[in-house]
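Notes follow the structure.
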Amino acid sequence: MLRSFFPKDFYLCFTNDLRKNKKGMATVSWVVFKHHKKSDGTYNPKIRISHNRTSSYISTPIYTDMVRFKKKSASGTITLEKIKEELDDIVKEYRHIINENQEVVQECETSKDIVLMIERRKKRKDIDFIEFARQHIQMTPNTGTRTVKTTGINALCHFLKYKNGNDKLSIKDLTSKLLREYEGWLRKERLITVRQNRTAKQEYRTIRKPALNDTGVHSYMGVIQSVFNAALLHFNDYEKGDIIITNDPFKVYTIPPVLEAKKRAVDVDIIRKIYNYSPINKRKRTTTFTRDIYILSFLLAGMNAIDMLDCQMVNGRIEYERQKTKDRRKDKAFISVCIHPLALPIIEKYRDPSGKCLFDFYKRYSNIRNLTKGIHRGMRSLCEEIGIDYVQFYSARHSFATIARNECDISKDDISLCLNHSAGKTITDTYIKRDFSRIDKVINKVADYVLG
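Numbering-wise, the working numbering comes out as the position in the sequence shown, counting from 1, plus 283.
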């Protein structure tokens, strides 16, 4: 009757379009195949997923010999009621997953797509946030970022052990309530057990950790949020609407804002005292080393210790890519600074004779973490001997910038160039080739003012 009202071509176009967009409902059942018999005489029942005239099979953890086959039939039935109930429960679970995700099912072309969707949904129950975090951190290219994230996740593990007795955390259990409990734990003085790294045996010791302020809590919570966001991108397919992780605790929990940073810059007199320091005990190599590296950092426009491990001397200049930001900048955070005459003796003192690196720090310390610890201990000892309050190594960088601005009247743009910052760049900056000689002028002016 329909064809009498429409031309043939229009009728075919209309009906074919309907057939193309009509997708059958996925069906689920269990089945036992005769040819799946194992050498021990048992059979492994499968779950059959049928969709759009295709079928795929999912193995079950069940093995049984309680199977009866009809004559000339390739499939059979289970004779033990208990096993049938177990299989029926699995079928119900899979049907529930399909019914709960109809939008995703409608996008599936074959039964194999349905199986993949089911497996992804089942994984959600088993996503261990800590395990994912470890894997994510291993894939992080920046050493400094890896260290920060490792510290943050280790702290969360200590809290989980304190709360639950183990460091397992299903991602669905990462709730705003848990984060608030964790924040409360961080804000209190606490005891944690850590492994002794320097011993061959797995020996442990208990250390006391101080309570954190808003800035500390912000840092630790920021690590969790960063890893959680990475998990969302890893497990969820937003283009297809295939969402495995449905919870987001950070929609409810608010990370405390960072407190205004305490200025780390020190007075000119402090830098002069550090520069003129001579060890009381000649055997205090760490203190002497720390003094030298502190002054070297100051004379190289606030160079960080980690960058000293990989820098090179090229045509009488120190050149390097700043480790902290090179992975997120198009210019790889490259910088070239002059060598002030006061810095040259320090460079020669610690120069690597093999030529592998500019400095021989890698022979003194196995990694940046140990180098940082050595400098930290050295700064404490150095400040005690000089008779001043504790000064952080990073204050060399802050002090260089502060003295350049307040005492030497250097522009903020030139100070930003010295510190290798990218903040505040405009489109115009992309057309201008950087002139590193501007850094040289700042270094010479600041060094001459403080140590000249």
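Positions of the beta carbon are idealized from the N, C-alpha and C atoms, including for glycine.
- Straight-line measurement puts the Cα of R351 at about 13 Å from the Cα of G324.
- The beta-bridge partner set that DSSP reports for V314 consists of K329.
- Leaving aside the five residues that flank R574 on each side, the residues in its chain whose CB is nearer than 7 Å to its CB run, in chain order, I557, Y560 and L665.
- Straight across, the Cα-Cα distance linking A416 with E368 is about 38 Å.
- Beta-bridge analysis with DSSP links Y487 to R478.
- Rounded to the nearest whole angstrom, the CA to CA distance from V387 to I401 is 10 Å.
- Within the same chain, Cβ atoms closer than 8 Å to the Cβ of R555 are found at V733 and L734, the five residues on either side in sequence being excluded.
- Pairwise C-beta distances place the region 454-461 in contact with the region 516-532, as three or more of them are shorter than 8 Å.
- I413 has its alpha-carbon roughly 38 Å from the corresponding atom of T337.
- Assignment of V620 by DSSP, reduced to helix, strand and coil, places it in the strand class.
- The Cβ atoms of R470 and L495 lie closer than 8 Å to each other.
- Boundaries of the beta strand (DSSP E) around S338: T337 to S342.
- Comparing C-alpha distances from V314 to each of I330, S322 and K320 shows the shortest one belongs to I330.
- Its chain contains P539 and L542 as the residues whose beta carbon lies nearer than 6 Å to that of D497, once the 5 sequence neighbours on both sides are disregarded; these appear in chain order.
- D614 and P424 do not touch by the CB rule: their CB atoms are close to 17 Å apart, not below 8 Å.
- The Cβ neighbour count for I490, taken over all protein chains shown within 10 Å, is under 16; the residue is labelled exposed.
- The shortest CA-to-CA distance from I380 to any of R463, N727, V398 and E472 is the one to V398.
- Inter-segment contact for the region 628-646 and the region 587-606 is present: three or more beta-carbon pairs are separated by less than 8 Å.
- In the DSSP assignment, I601 forms a beta bridge with M596 and V620.
- Beta-bridge pairing by DSSP links I361 to V350.
- When the Cα atoms are used, Y377 and H501 turn out to be separated by approximately 41 Å.
- Of the candidates Y340, H334 and S312, S312 places its Cα closest to the Cα of K375.
- For K320, the CB contacts under 7 Å within the same chain, skipping 5 residues up- and downstream, are Y326 in chain order.
- Nearest in C-alpha terms to F572, of all of I366, C391, D372 and H659, is H659.
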